[in-house]
Amino acid sequence: MAEPLPALAAGGEGSRPMSLPALMYHDVIEPGFADDSGFPGAAAAHYKLTLADFGVHLARLAASGLHFPPVASLRDAGRSACLLTFDDGGASASHIGAQLAAQGMAGHFFITTQRIGTAGFVGVDDLLALRRLGHVVGSHSHTHPADISHLADDALAAQWRDSRDRLQQILSEPVTVASIPGGFYTRRVAQAAAAAGYRYLFTSEPTTHAHVVDGCHVLGRYALWHDTPADAALALATGTGRQRQQQWLAWNLKKPLKRWSRPVYQRLRRHWLGES
Ligand SMILES: [Zn+2]
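For the sequence shown, position 180 (counting from the first letter as 1) is numbered 180 according to the UniProt record's numbering, and the numbering increases by one without interruption.
Below, the structure is given as structure tokens:
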């Protein structure tokens with residue numbers, strides 16, 4: 001059982017959470033080559049920053065005075081910490097990992113394990129290199145299902161278990177951190193992750209409030225899109241300005257649509273993001 005984090009406070013379900021910001025990035029790409037890293041298509045490209053823009057983000061964050069530790073080391077970092085996370089396991093994780101290490105920052109890289117070693121995604125050696133640099137490698141499910149929260153119990157359990165098995169086989173160490181593909185969080189998704197052995201589960205809820213489900217810490221994240229300015233990333237990390245409230249409001253306005261009309265929501269979303 002993992003030690004409870006001071007930042008996640010008293011540890012029990014329903015306990016008062018403390019502030020714990022995390023940023024959710026995806027891939028970093030050359031302009032015009034979005035499909036070179038991570039999942040292809042316009043919807044995925046919406047989350048991919050150019051190398052140049054990401055460099056500006058990192059410089060701003062590095063100058064913020066915040067610490068960017070691994071989630072399990074928050075004990076040492078105190079309340080001025082921010083967690084940096086990168087979803088999908090695209091090939092650009094290697095570049096990102098090197099950039100972070102040069103700034104003394106730790107990243108959390110969430111890997112779609114079925115894609116390991118395939119075109120546009122990290123390979124086994126990349127994952128070992130990320131660990132050598134002090135980064136956290138975790139699961140982003142095995143296949144990145146369209147809506148993990150709608151899978152039957154067996155299929156849901158298999159997503160978390162198969163992914164964890166694969167990573168542990170590669171890294172020869174326990175893997176205890178995961179993020180939910182597509183942000184389709186439900187309590188049942190967290191319970192399945194906890195049952196599979198994860199102790200930290202990142203959602204896409206834009207909140208600093210963490211809670212605990214069956215011994216697994218559930219943490220929100222603020223999304224960074226391809227056009228998010230570095231100033232906004234800094235504001236999300238530090239909590240200054242209104243960026244966090246704006247993201248929370250936008251997320252919660254869309255939530256009823258997402259929950260009650262998923263197929264329609266997904267069609268609309270693809271439309272908004274420029275896919276036909
Ligand atoms: Zn994803």
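Even glycine gets a Cβ: it sits at the ideal position worked out from N, Cα and C.
The model shown is predicted, which means the values in this text are computed figures rather than measured ones.
- In the three-state DSSP reduction, Thr-203 falls in the coil class, being neither helix nor strand.
- DSSP lists no beta-bridge partner residue for His-26.
- When DSSP states are grouped into helix, strand and coil, Phe-54 belongs to the helix group.
- Leu-83 is not a Cβ neighbour of Leu-100, given a cutoff of 8 Å.
- About 6 Å separates the beta carbon of Val-136 from that of Val-177, a gap short enough to meet the 8 Å contact definition.
- Looking only at Ile-116, Ala-192, Asp-87, the smallest Cα-Cα distance to Ile-170 is reached by Ile-116.
- Distance from the CA of Pro-40 to the CA of Ala-91, rounded to the nearest whole angstrom, comes to 12 Å.
- Using a cutoff of 7 Å, the CB of Pro-181 counts as near ligand 1, since one of the ligand's heavy atoms is closer than that.
- In this structure, the alpha-carbon of Gln-159 lies about 5 Å from that of Ser-141.
- Arg-161 places its beta carbon 8 Å or farther from that of Ala-190.
- Checking the 7 Å criterion, the Cβ of His-142 is out of range of every heavy atom belonging to ligand 1.
- Using a 10 angstroms sphere on the CB of Leu-167, the tally of other CB atoms reaches 16 or more, which defines it as buried.
- The beta carbon of Ile-111 lies closer than 6 Å to those of Gly-89, His-140 in the same chain, with the five residues before and after it left out.
- Annotated three-state conformation of Thr-85 is strand, per DSSP.
- Asp-27 has its Cβ no nearer than 7 Å to any heavy atom of ligand 1.
- A distance criterion of 7 Å places the beta-carbon of Asp-87 in contact range of ligand 1, judged by its closest non-hydrogen atom.
- The alpha helix (DSSP H) runs lying completely inside the region 164–222 and spanning 4 residues or more are 187–195, given in chain order.
- Here the C-alpha atom of Arg-164 lies approximately 20 Å from the C-alpha atom of His-150.
- Per DSSP, the unbroken alpha helix (DSSP H) holding Gly-97 starts and ends at 93–102.
- Excluding sequence positions up to five before and after Ser-37, its CB lies within less than 6 Å of the CB of Asp-27, Ile-29, Gly-90, Ala-91, Ser-92, Gly-120, all in the same chain and listed in chain order.
- Straight through space, the alpha carbons of Arg-187 and Ala-44 are spaced by roughly 25 Å.
- Taking 8 Å as the cut-off, the beta carbon of Phe-184 is found no closer than this to the beta carbon of Asp-154.
- Leu-201 and Asp-231 have their C-alpha atoms some 27 Å from each other.
- For Val-124, the enclosing alpha helix (DSSP H) starts and ends at 124–132.
- When C-alpha distances from Ala-34 are compared across Trp-225, Gln-114, Ser-73, Pro-256, the shortest belongs to Trp-225.
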